[in-house]
Structure formats: C-alpha cells, structure tokens
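> Residues in the sequence shown are numbered from 6 upward in steps of one, following the numbering used here. Ideal Cβ positions, reconstructed from N, Cα and C, are used throughout, including at glycine. Handing you this structure, nothing more for now.
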Amino acid sequence: MPLDNKTIAEAIKQAKAKSGDKKFNQTVDLILDIVEIDMKSPEGKIQEIVELPHATGKPNKICVVASSGDFVVKAKASQADRVIERADLDSLNGKKKELRKLASDYDVFICEVPLMSLVGRILGPVLGPRGKMPIPVPPNADLT
6 MPLDNKTIAE
16 AIKQAKAKSG
26 DKKFNQTVDL
36 ILDIVEIDMK
46 SPEGKIQEIV
56 ELPHATGKPN
66 KICVVASSGD
76 FVVKAKASQA
86 DRVIERADLD
96 SLNGKKKELR
106 KLASDYDVFI
116 CEVPLMSLVG
126 RILGPVLGPR
136 GKMPIPVPPN
146 ADLT
C-alpha cells in the first residue's frame, strides 16, 4: 500500500485521539515495513537527513573538520562549536580517549571532502558505531 502525507497525518491524528490527553509530551514512533528492497545490498541502504518541523529542545553542537585556509575561516564565521584543522586531526591519531570524548561532546560532524579519507581512518572507528560519520561538504560550499 503506497503511503502519502495525508494518510500518515491522518493515522497520527487517530492514534493521538485514541490515547487521550496526557500530562507530558507524547511521542509517536513510525515503523515502516519495506518490501522488495534488499537492505543488505549497497543499493538498498537508505540514509537520509530529515529536518524536523520543531526543535528537539537542545541545539546541536557542530564540529567541522577542515584543512587550513578559506574553509576554516568559513567554518569559524558560521559559528561552528569547534573547528579541527588537519594538524589537530593528525595529533588526535591513536588517542582513543580523546576521540571518544570528541564523539560524545558533538552531535554533528562536517568534513571537507578532500579530508574524508583521513577522517574516516582516524575518526571512523569512533564515529561510525555512533552513527555520527561526518557529512562531506565541498570546499566552496556555504556553511551557514
């Protein structure tokens, strides 16, 4: 059965109406049963960034990994919480305790495309299991 926005919105309204009013913020879990897609194959993997209509309560802390130069200036101007330059990234190599602290302190990681292989090698073992792998951004992209 194909789903559209109206069907999903109507189902959510019905579920909230049946549960009645509560004295706390209610959440809704959406479970989809995807048929005819092999989730184990690379073509079937789904990874999307969804912008929610309402804030989650706390602002995301953003860490930008950049090579030195214009991208660092852009990252600092866009008010990133932390900017890690290539030299800092090289110094973090092998320091598991610092890498785990970095992964727990920041919610979102953004990385300049040319550094993705280095970031994957150094930060990947820590960020990958947490689902926080960096979002690759071209060097000329707008970070605001």
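Classify PRO41 as helix, strand or coil using the three-state DSSP reduction.
Indexing the sequence shown from 1 puts residue 41 at position 36. Residue identity differs from the one stated: residue 41 is Glu in this sequence, not Pro. Reduced to three states, the DSSP call for GLU41 is coil.
> Please indicate yes or no: does the CB of LEU97 lie closer than 7 Å to some heavy atom of the ligand PLP?
For the ligand PLP, the structure offers nothing, since it holds no ligand at all.
> So, do the region 134-145 and the region 113-121 have three or more beta carbon pairs nearer to each other than 8 Å?
The region 134-145 vs the region 113-121: in contact.
> Along the chain, which unbroken stretches of the beta strand (DSSP E) at least 3 residues long are found entirely within the region 30-92?
Counting whole runs of 3 or more residues, the region 30-92 contains the beta strand (DSSP E) stretches 67-71 and 87-90.
> Does DSSP classify PRO130 as helix, strand or coil?
Taking the first residue of the sequence shown as position 1, residue 130 is located at position 125. In this structure, PRO130 counts as helix in the three-state DSSP scheme.
> The beta strand (DSSP E) that contains VAL142, what's its start and end?
Position 137 of the sequence shown holds residue 142. 140-142 is the span of the beta strand (DSSP E), which, as asked, contains VAL142.
> Measure the C-alpha to C-alpha separation of VAL77 and SER24 and round it to an integer number of angstroms.
As a position in the sequence shown, residue 77 is number 72, starting the count at 1. As a position in the sequence shown, residue 24 is number 19, starting the count at 1. Each residue's Cα considered, the two are about 50 Å apart.
> Taking its Cβ as the centre, do 16 or more other Cβ atoms sit within 10 Å of LEU8, making it buried, or is it exposed?
Residue 8 sits at position 3 when you count from the first residue of the sequence shown. That one is exposed.
> Just to confirm my understanding: we take ALA85, look at its own chain, exclude 5 residues before and 5 after, and list those with CB closer than 6 Å. What are they?
Locating residue 85 in the sequence shown gives position 80, where the first residue counts as 1. Excluding positions up to five away in sequence, the list reads ILE67 and VAL69.
> Pick out whichever of ILE51, LYS45, LYS101 and ILE13 has its Cα sitting closest to the Cα of LEU35.
Numbered from its first residue, the sequence shown carries residue 35 at position 30. For LEU35, the nearest C-alpha among the options comes from ILE13.
> Can you tell me the Cα-Cα spacing of PRO58 and PRO47, whole angstroms?
For the purposes of this step, residue 58 is taken as the residue at position 53 of the sequence shown. For the purposes of this step, residue 47 is taken as the residue at position 42 of the sequence shown. PRO58 and PRO47: Cα-Cα distance of roughly 30 Å.
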